[in-house]
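Protein chains in written order, with the numbering used here: chain A, 1 to 165; chain B, 1001 to 1170. Worksheet: the structure to be examined is printed underneath.
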């Protein structure tokens, strides 16, 4: 179980693993020194979408699909979907969540979204409330992206869900 | 900067573990310039680091690497100084994700900014180094500036928060 230490800290005693990740980078980031560690690098910012915002939804969806695919997970293996971004009312997270019919928790800690999401997810899993797993797609910026290069998960296709943004 | 990251957390697929979480408090340093977010967020980063060290009774040297999210060069130096005033020396174990993403010739000034900064560096680069055993214990302190266009236009200062997550190999 987890243990509260002092005022701010929770020690996660029960194993919670960051089991898989998916990372999509923009063109400029893809020309940087960490390019080999990104799963997908966009060649252009618009990605064939009608707006940068729609392209950003695509990026978040691709990051999620990559993480799912690496673990060979289907949507029904996931207990919760947490997401955040920097647009008004975290609209990227909300629209992306339409593609994943799971309990959805939008989070906002601005650029602290990553650790806020991982922290909350770990406390829930570490507390024994969730037996299976937790998916937390934490971050995008005012992003732009390119065309879809990563196929959506097989499980997603089989469920006949919406085709995404 | 531009990017997206996803993390799949589980209780059963072995990988680097999330061993501790330190949620920081809102901090208002009085900075009003939205183009100087590093300075606005550094006090929140320092506070979260100090909460983490003191509540878990850890020294920064416990970790192979400590990274903040997107403070850039300016905020990183300020964080280092603020933490050192309380007796903790971050030394070479500390850096900032925003300073790692671009080559100097890409001319991004202080570094990358945005919540994709920590996502790309931690879930891509550092996660790979953890999985390969090059790193075994890291502390990620992502920092958020909780302002809005409206609050800035109305003259408010920029409050900030930071949250720390420890990732360790078993």
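Backbone N, C-alpha and C define an ideal beta-carbon position, used for all residues, glycine too. None of the values given here were measured: they were computed from a predicted structure.
The beta carbon of residue 1124 of chain B sits closer than 8 angstroms to the beta carbons of 1005 from its chain, once the five residues preceding and following it are set aside; these are given in chain order. The alpha helix (DSSP H) runs of length 4 or more contained entirely in the region 1031 to 1100 of chain B are, from start to end of the chain, 1037 to 1056, 1072 to 1084.
Interface annotation for the region 87 to 113 of chain A against chain B: 109, 110, 111, 112, 113, criterion Cβ-Cβ distance under 7 angstroms. At a Cβ-Cβ threshold of 9 angstroms, residue 1001 of chain B and residue 26 of chain A count as neighbours.
What residue 51 of chain A touches in chain B, judged by beta-carbon distance under 7 angstroms, is nothing: the nearest beta carbon there is about 14 angstroms away.
Per DSSP, the unbroken alpha helix (DSSP H) holding residue 63 of chain A starts and ends at 52 to 71. For residue 3 of chain A, the uninterrupted beta strand (DSSP E) run begins and ends at 2 to 5, by DSSP. Contact annotation: residue 1070 of chain B and residue 1024 of chain B have beta-carbon atoms that are not nearer than 9 angstroms. Beyond the five residues adjoining it in sequence on each side, residue 1056 of chain B comes within less than 7 angstroms, by CB distance, of 1020 in the same chain, given in chain order. Burial of residue 113 of chain A is indicated by the presence of at least 16 other C-beta atoms within 10 angstroms of its C-beta.
DSSP places residue 1104 of chain B in the helix class (H, G or I) of the three-state scheme. Neighbours of residue 1019 of chain B in chain A, taken as residues whose beta carbon is under 8 angstroms from its own, are 11, 12 in chain order.
A straight-line Cα-Cα distance of about 12 angstroms links residue 1067 of chain B and residue 1046 of chain B.
Listed by position along chain A, the residues whose Cβ is nearer than 9 angstroms to that of residue 1137 of chain B form an empty set, because the closest Cβ is around 13 angstroms away. For residue 99 of chain A, the number of other beta carbons within 10 angstroms of its own is at least 16, and it is reported as buried. Of the residues A/49, A/129, A/124, A/109, the one whose Cα lies closest to the Cα of residue 1161 of chain B is A/109. Bounds of the beta strand (DSSP E) holding residue 19 of chain A are 17 to 25. By the Cβ test, the region 1 to 21 of chain A is in contact with the region 1051 to 1065 of chain B, since at least three Cβ pairs between them sit closer than 8 angstroms.
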